Every structure is written in C-alpha cells, then in structure tokens.
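Numbering (the numbering used here), first residue to last: 57 to 262.
Just so you know, even glycine gets a beta-carbon here, dropped at the ideal spot from N, CA and C.
Computed from a prediction, not measured in an experiment: that's the story for all the values here.
Notes for the one structure printed next.
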Ligand code: GRF
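Here it is, written out as structure tokens:
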C-alpha cells in the first residue's frame with residue numbers, strides 16, 4: 057500500500073466486539089494514527105454497538121433483510137462505508153463471507169482476524185478444529201481478505217499453546233488475548249504504510 061495512507065477505518069462486527077474495543081483503546085492511546093469512521097453491525101443486538109456508542113463512534117445496524125441476494129447486501133455495505141469515507145475495512149468478528157462486490161471495491165484494504173494459524177483450520181469453529189486435530193500450538197492470523205474463506209495474504213500471526221484439557225471456550229479465550237495485540241499491531245503497520253502486498257505475500261518494511 058503506498059500513496060495515500062489509510063486513516064478512516066470502517067469496522068464490521070457481529071458480536072461482542074472485544075477486538076473492536078482493543079482497536080479503540082490503541083487509537084485513543086495515540087498508538088494507531090487512524091479514526092474509526094463507522095462501525096457496521098449485521099446484528100442489531102451486537103454488544104459491539106454499545107462499545108461504539110460509549111466512545112462516540114457512529115454505528116450502523118445493517119441487517120441482511122430484504123436484499124434479493126448476498127451481493128446486493130454487500131453493495132449496500134459498500135455504500136455505507138463510502139458515505140463515511142472509509143479507506144480501510146476491519147472485519148472484527150463479522151460473521152459473513154464477503155462477496156466479490158465488497159472485495160473488489162476495497163482491494164487489499166480489508167483486514168480480517170482468524171482464530172487459528174492459517175492455512176490450518178479455516179472457517180467456523182477454528183479453535184475446536186485445532187483441539188480435535190490435536191495440535192500443540194494454534195493462534196491467530198491477521199490477513200487481507202480475498203474472495204475465498206480465510207485465504208487472503210497473511211499480514212501477522214501469533215502462536216498460542218493448546219493445553220491438553222482445553223475446551224473451545226478456554227482456547228478461544230487464550231487466543232483472543234493474542235488477537236487483540238496482533239490485530240492492533242497489523243492495523244498500525246497498514247496505516248503507517250509499512251505493508252506491501254506482492255502476489256499473496258506481504259512484505260513489511262521497518
Ligand atoms: C474473534 O475470536 C475472531 O477471531 C473471530 O470472531 C471473534 C470475534 O470476537 N473472527 P469479538 O467480537 O472481537 O470479541
């Protein structure tokens with residue numbers, strides 16, 4: 057990413073929003089030079105909306121109701137993001153796979169956090185998948201979003217141990233602590249222009 061550095065984040069959420077909170081905290085601490093221009097939730101009862109309100113961040117409930125198909129819903133999402141002049145999109149627990157409509161509107165400008173070390177354990181219940189497979193280490197991955205499911209270029213990863221008696225809940229909690237650090241660190245790199253995407257590889261400059 058070169059030229060204009062992104063500074064207006066659009067954060068898409070569906071649930072609790074602990075990653076959103078971590079990003080808000082790092083911005084408010086002056087550690088990430090960006091502003092959250094809007095939070096968009098596909099769930100009206102997402103606690104992430106309360107977090108946005110507490111920090112005076114504009115929030116939009118955008119449910120997938122009445123749209124003829126997923127691409128139409130995504131086209132409407134693009135409109136919302138553009139109306140808030142968003143230039144970097146953060147998927148922070150947004151539980152929908154994006155269609156080409158969103159991906160092509162913001163090429164290499166959509167970031168996702170996945171609770172596993174990709175390319176292992178893509179898709180839903182990644183933590184349970186890791187437990188079931190018997191890996192000793194899992195973690196989280198921040199990546200740019202392409203049209204696949206958790207397949208885009210990898211920006212940062214953090215390793216988290218899997219304990220023998222872990223449940224999906226205990227492993228998720230441990231991974232989430234790493235997520236909050238890793239996502240913020242990756243966003244900081246992107247807004248500071250330290251990331252270049254070459255094919256499916258991401259180069260980080262000092
Ligand atoms: C995170 O665990 C993330 O890995 C996954 O969704 C979860 C969102 O959690 N994509 P939160 O809403 O940020 O607390």
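The three-state secondary structure of residue 154, taken from DSSP, is coil. Membership of residue 144 in the beta strand (DSSP E) is indicated by the continuous run 144-147.
In this structure, the alpha-carbon of residue 63 lies about 9 Å from that of residue 248. Where residue 199 is concerned, the enclosing beta strand (DSSP E) starts and stops at 193-200. Assignment of beta-bridge partners to residue 97 by DSSP yields 69 and 117. Residue burial annotation: residue 121 is exposed, with fewer than 16 other C-beta atoms found within 10 angstroms of its C-beta.
For residue 199, the CB stays at least 8 Å from every heavy atom of the ligand GRF. When the five nearest sequence neighbours on each side are left out, the beta carbons in the same chain lying within less than 7 Å of the beta carbon of residue 109 are those of 115, in order along the chain. From the listed residues 67, 79 and 186, the smallest Cα separation to residue 118 is found for 67. Between residue 232 and residue 175, the C-beta spacing is not below 9 Å. CA-CA distance, residue 244 to residue 102, rounds to 25 Å. DSSP, reduced to helix, strand and coil, places residue 257 within a strand of the structure shown. Placement of the Cβ of residue 69 at a distance of less than 8 Å from at least one heavy atom of the ligand GRF is found. Taking the Cα positions, residue 111 is about 19 Å away from residue 144. The beta carbon of residue 137 lies closer than 6 Å to those of 66 in the same chain, with the five residues before and after it left out. In the DSSP annotation of this structure, residue 247 is not part of any beta strand (DSSP E); the continuous alpha helix (DSSP H) holding it starts and ends at 224-247.
For residue 203, the shortest C-beta to heavy atom distance toward the ligand GRF is 8 Å or greater.
A buried status is given to residue 69, since no fewer than 16 other beta-carbon atoms sit within 10 Å of its beta-carbon. By the 16-neighbour rule on beta-carbons within 10 angstroms, residue 139 is exposed. C-alpha of residue 177 to C-alpha of residue 132: approximately 30 Å in a straight line. If you look at residue 76, you'll find it in the alpha helix (DSSP H) that goes 74-84. By the neighbour-count definition (other C-beta atoms within 10 Å, threshold 16), residue 200 is a buried residue.
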